[in-house]
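Student: Numbering (our numbering), first residue to last: 3 to 153.
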């Protein structure tokens, strides 16, 4: 395959994965300069983790469907993107399945540090940005309690 139409399914799937990843990891999105999720925090609850896992598994199934086609018909860039996407999805699933969140009590790079650093990389230069920052800060006590409940 070649040309823009040939890469569209892989490009669209990768873009869908990336957008969902940033939505599930809003602090990381903010550090990258993506302002769409500035008022949010991750969902550390078992329900949140289950929803994230289901989304990742569904995306991996879609990637496997793309991969089930004739691999020889894919150009090199598409094959590399698909392989990279699948490995990323598997790593994300393995992280959730490992239960690592229940062991995440890291005083150097854990939840308290991430929350304290949010103001350093989240601008509040206009009213909308300030409102998003306040929304995130107001959510921090409940987020901390939800995270602590998973330990």
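Cβ atoms here follow ideal geometry from the backbone N, Cα and C, with glycine treated the same way.
Tell me whether residue 5 is buried or exposed, calling it buried when 16 or more other Cβ atoms sit within 10 Å of its Cβ.
Tutor: At residue 5, the pLDDT of 47 sits below 50, so the modelled position is not reliable; the number obtained from the coordinates is stated separately. The residue is exposed, with fewer than 16 neighbouring Cβ atoms inside 10 Å.
Student: The alpha helix (DSSP H) spanning residue 2 covers which residue range?
Tutor: This structure cannot settle anything about residue 2, because the visible part of the chain is limited to 3 through 153.
Student: Just how far apart, CA to CA, sit residue 137 and residue 87?
Tutor: 32 Å
Student: Is it buried or exposed, residue 62, if we count other Cβ atoms within 10 angstroms and call 16 or more buried?
Tutor: buried
Student: Going by the CB atoms, is the gap between residue 152 and residue 103 shorter than 9 Å?
Tutor: Yes; because the gap between Cβ atoms is below 9 Å, this pair is in contact.
Student: Count the CB pairs spanning the stretch 121-128 and the stretch 13-25 that are closer than 8 Å, and state whether there are at least three.
Tutor: no
Student: Going by C-alpha distance, which of 15, 13, 27, 46 is nearest residue 149?
Tutor: Nearest C-alpha to residue 149: 46.
Student: Out of 140, 144, 11, 132, which has the shortest C-alpha to C-alpha gap to residue 64?
Tutor: Comparing Cα-Cα distances from residue 64 to each of 140, 144, 11, 132, the minimum goes to 11.
Student: For residue 83, which residues in the same chain have their Cβ closer than 7 Å to its Cβ, ignoring the five residues on either side in sequence?
Tutor: Setting aside the 5 residues that flank it on each side, residue 83 is surrounded in the same chain by 12, 16, each with a C-beta closer than 7 Å to its C-beta; the list follows chain order.
Student: Using 10 angstroms around the beta-carbon of residue 42, count the other beta-carbons present and answer buried if the total reaches 16, otherwise exposed.
Tutor: By the neighbour-count rule (16 or more Cβ atoms within 10 Å), residue 42 is buried.
Student: Straight-line CA distance for residue 107 to residue 50?
Tutor: C-alpha separation (whole angstroms): 19 Å.
Student: Spatial neighbours of residue 31 within its chain, please: C-beta separation below 6 Å, excluding the five flanking residues on both sides.
Tutor: 24, 39
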